[in-house]
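S.K.: Take this structure first; my questions come after.
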Amino acid sequence: MRVVLNGEAVETDAATLEALLEARGFGGKTVATAVNGDFVPAGLRGATQVQDGDRVEVLAPMQGG
Amino acid sequence: MREFYGVALDTPLMLGTAQYPSPAVLAESFQRSGASVATVSLRREQGAGQDFWQLIRDLGVHVLPNTAGCHTVKEAVTTAHMAREVFGTKWIKLEVIGEEDTLQPDVFGLVEAARVLAEDGFEVFPYTTEDLVVAGKLLDAGCEVLMPWGAPIGSGLGLNNLFGLRAMRAHFPDVPLVIDAGLGLPSQAAQAMELGYDAILLNTAVAKAGDPAMMAEGFARALEAGRLAFDAGPMEPRDMAAPSTPVIGKAFLE
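Listed in order, the protein sequences are those of chains A and B. Per this note's numbering, residue 42 is the first one in the first sequence, and the count goes up by one each step. Per this note's numbering, residue -17 is the first one in the second sequence, and the count goes up by one each step.
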């Protein structure tokens, strides 16, 4: 299936958000996640199914004013 | 000194972390100024986020995540939730931007988002205008700090509405007030403190200075000067001259 990860279309067979993060190299990193515009707490990533066409945002600490 | 959600800050300087020439200069700016709060944001992870977060943690200051760039209540609320998880703080600098040229807050969305977040346990630092009615509604929504702009973000124009800012201080004597955005020079920061404000939040004026760390120290000293002036109780200005040297006892030398 295909999802949009941080604005880029990617092919994945990851069943859950947690698996998707692991597969894309975000495992163990300090990030926050949202799927289709809704926040997904870290504790729910394993239970969050990834669906074809999902928009996934993976955000990290960044400079800000 | 007024506290920010129960936190007494060591210094009245909240410093942004964007636009510095290097991470080392960022760190030096914090060290030389003694800034007590660092503002940060969340952006799509492209590899640099982890090192940056370590750098910020090493500063040993309070972290204030923002919702910069958010234009809707939904975006801002979602960003706040993500920030709370990543940064491990209930503090959120709430920005709901309403206008692109001035980056002026959408105060209607701001009040709505503030209410949602306060009810959810966030400690909201709303980026607002000096409008007293909006300020009152933000307090009603659960905010315990107000952050009126001095001037548009990144403009360096200073305190654009002295009357409005003075009125805000007088109107909310118990509320911690922070001038957020628009300052370009330490003299403007001193002026904010002379008005009785509790802190300032800066980024561009320091980060874009020729020597950011030196400018950060300049701001820190100005804040100290302004606070001393306010605490000391300034004289009342007057239109006519009043001789300071005693007139009595002056020699007759015609």
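For every residue, glycine included, the Cβ atom is placed at its ideal position computed from N, Cα and C.
1) What residues of chain C sit near V99/A, judged by a beta carbon separation below 8 Å?
2) Taking a cut of 8 Å between CB atoms, which residues from the stretch 62 to 76 of chain B lie near chain A?
3) Counting only the same chain and skipping the five closest in sequence on each side, list residues whose C-beta sits under 8 Å from that of D88/B.
4) List the residues that DSSP assigns as beta-bridge partners of D79/A.
5) Name the residue from G164/B, A117/B, Q28/B whose alpha carbon lies nearest to the alpha carbon of G66/A.
6) Against chain A, with Cβ distances strictly below 8 Å, would A181/B count as a contact?
7) Quick check on the DSSP output: the beta strand (DSSP E) that includes L184/B runs from which residue to which?
8) Given a limit of 7 Å on CB to CB distance, which residues of the stretch 61 to 76 of chain A reach chain B?
9) Measuring alpha carbon to alpha carbon, tell me which of A6/B, Q173/B, F12/B, V68/B ends up nearest V43/B.
10) Output, in sequence order along the chain, the residues in the stretch 79 to 104 of chain A whose CB is closer than 8 Å to any CB in chain B.
11) Can you tell me where the alpha helix (DSSP H) holding F212/B begins and where it ends?
12) Quick check: the stretch 88 to 102 of chain A against the stretch 0 to 14 of chain B, are at least 3 beta-carbon pairs closer than 8 Å?
13) If we ignore side chains and look at the alpha-carbon of each, how far apart do K119/B and D156/B end up?
14) Which two residues bound the contiguous alpha helix (DSSP H) that contains G146/B?
15) Among the candidates Q32/B, D33/B, A(-10)/B, F34/B, whose CA atom is the shortest distance from the CA of A17/B?
16) What is the rounded straight-line gap between the Cα of G69/A and the Cα of L58/A?
17) Between which two residues does the beta strand (DSSP E) carrying W35/B extend?
18) Name the two residues that bound the continuous beta strand (DSSP E) containing Q90/A.
19) To the nearest angstrom, how far is it from the Cα of A195/B to the Cα of V19/B?
20) Using a C-beta cutoff of 8 Å, does W131/B count as contacting chain A?
21) If we ignore side chains and look at the alpha-carbon of each, how far apart do S169/B and F234/B end up?
22) Give me the chain A residues within the contact set of N48/B, using Cβ-Cβ distance strictly less than 9 Å, ordered along the chain.
23) Over the uninterrupted alpha helix (DSSP H) stretch that includes G118/B, give me the two end residues.
24) Could you name the residues of chain A that F34/B contacts, counting a contact when the two beta carbons are closer than 7 Å?
25) Less than 8 Å between the C-beta atoms of P158/B and V127/B, yes or no?
M.R.: A quick look at the data gives this:
1) The displayed structure is made up of protein chains A and B, and chain C is not among them.
2) H63, M64, A65, E67, V68, F69
3) H53, V78, I79, G80, E81
4) V76/A
5) Q28/B
6) no
7) 181 to 184
8) F67, K70, T71, V72, A73, A75
9) F12/B
10) D79, F80, P82, A83, E98, V99, L100, A101, P102, M103, Q104
11) 194 to 214
12) no
13) 16 Å
14) 144 to 153
15) A(-10)/B
16) 13 Å
17) Run containing W35/B: none in the beta strand (DSSP E); it sits in the alpha helix (DSSP H), 31 to 41.
18) Where Q90/A is concerned, there is no enclosing beta strand (DSSP E), given that its DSSP letter is neither H nor E.
19) 16 Å
20) no
21) 43 Å
22) G105, G106
23) 114 to 122
24) P102, M103, Q104
25) yes
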